[in-house]
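Below is one structure, written out as structure tokens; comments come after it.
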Amino acid sequence: MTFFWVIVAGATVGLAFDFYRSFRRWQGWGQILTILGDVLFSLVALCILFHFFKRANALAFRFYIIWGSLLGLILYLKLVSRFSVRIFFGFYRVITYFAELIHRGIMIPIKALVFIMRPPYAMLRWFSLLVYRIGEFILLEPIVHIKRRFKELLNHLLPPKING
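At position 82 of the sequence shown (counting the first as 1) the number is 430 in my numbering, and the numbers step up by one without a gap.
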């Protein structure tokens, strides 16, 4: 029975690896995320092995643990891996379909709100431009005249510059 649990440990690590590998390919991770994911996968694989080794023989380290785990991993990779990767990608397609469906459902009221708010927004934009132009006419013209008059006053009060 101990050897069975060791083989199951290797097969479970293979299943976790296929899940991680297919998820990484589906998401299109870059190098940094892949490195972080590899570290995380290593920790998960270590936890899986720890759990099964504890169940198999109370963590007594024996040589058959390594060979049994490798045998379980190789059996999994040769017999089941292809099918599990296909199942994972099918699962990802279903997730993508439902996520797109939810996204479309959320976008319907948003698009309706945008359509409803278009006329008030256009009126507010027109009104704000009108207020800006009125303010520009009322405030900018006197400020420009004040600036010009101030320069004339300074030129009149200060002595002329002499090169020398």
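Cβ coordinates follow ideal geometry from the N, Cα and C atoms, glycine included.
At least three beta-carbon pairs within less than 8 Å, the segment 360-370 to the segment 425-435: yes
Start-to-end residues for the alpha helix (DSSP H) that takes in E500: Along the sequence shown, one-based indexing puts residue 500 at 152. Where E500 is concerned, the enclosing alpha helix (DSSP H) stretches over 489-505.
I515, DSSP secondary structure in three states: What is shown of the chain runs 349 to 512, which leaves residue 515 out entirely.
Per-residue DSSP class, three states only, for M307: An answer regarding residue 307 cannot be provided, because it is not within the stretch 349 to 512 covered by the chain.
Within 7 Å, strictly: CB atoms of F411 and A357: What you label residue 411 is simply residue 63 of the sequence shown in a count that begins at 1. What you label residue 357 is simply residue 9 of the sequence shown in a count that begins at 1. No, Cβ-Cβ distance for F411 and A357 is not below 7 Å.
Contact set for R441: own chain, Cβ-Cβ below 7 Å, skip 5 residues either direction: Position 93 of the sequence shown, counting from 1, holds the residue named residue 441. Excluding sequence neighbours, R441 sits near nothing in its chain.
C-alpha distance - I456 paired with R473, whole-angstrom precision: Taking the first residue of the sequence shown as 1, we reach residue 456 at position 108. Taking the first residue of the sequence shown as 1, we reach residue 473 at position 125. One C-alpha to the other measures close to 25 Å.
Buried versus exposed, by CB contacts within 10 Å (16 or more), T382: For the purposes of this step, residue 382 is taken as residue 34 along the sequence shown, with counting starting at 1. The residue in question, T382, is exposed, as its Cβ has fewer than 16 Cβ neighbours within 10 Å.
The alpha helix (DSSP H) enclosing L363, as first and last residue numbers: Looking up residue 363 in the sequence shown gives position 15. First-last of the alpha helix (DSSP H) with L363: 350-375.
Start and end residues, alpha helix (DSSP H) containing I413: Position 65 of the sequence shown, counted from the start, is the residue given in the question as residue 413. First-last of the alpha helix (DSSP H) with I413: 411-427.
For I450 and F398, the rounded distance between their alpha carbons: Here residue 398 refers to the residue found at position 50 of the sequence shown. Here residue 450 refers to the residue found at position 102 of the sequence shown. Cα to Cα, the separation comes out at about 39 Å.
Close Cβ partners of G416 (< 6 Å) along its chain, the five nearest in sequence each way excluded: In the sequence shown, the residue the question calls residue 416 occupies position 68. Answer for G416: F351, V354, I355, listed in chain order.
Cβ-based neighbour list, F436, same chain, cut-off 7 Å, excluding 5 preceding and 5 following: Along the sequence shown, read from residue 1 onward, the residue named residue 436 stands at position 88. Only D366, F367, S370 meet the Cβ criterion.
Contacting residues, own chain, Cβ-Cβ under 8 Å from A393 (five flanking each side not counted): What you label residue 393 is simply residue 45 of the sequence shown in a count that begins at 1. Hits under 8 Å: V361, A364, F365.
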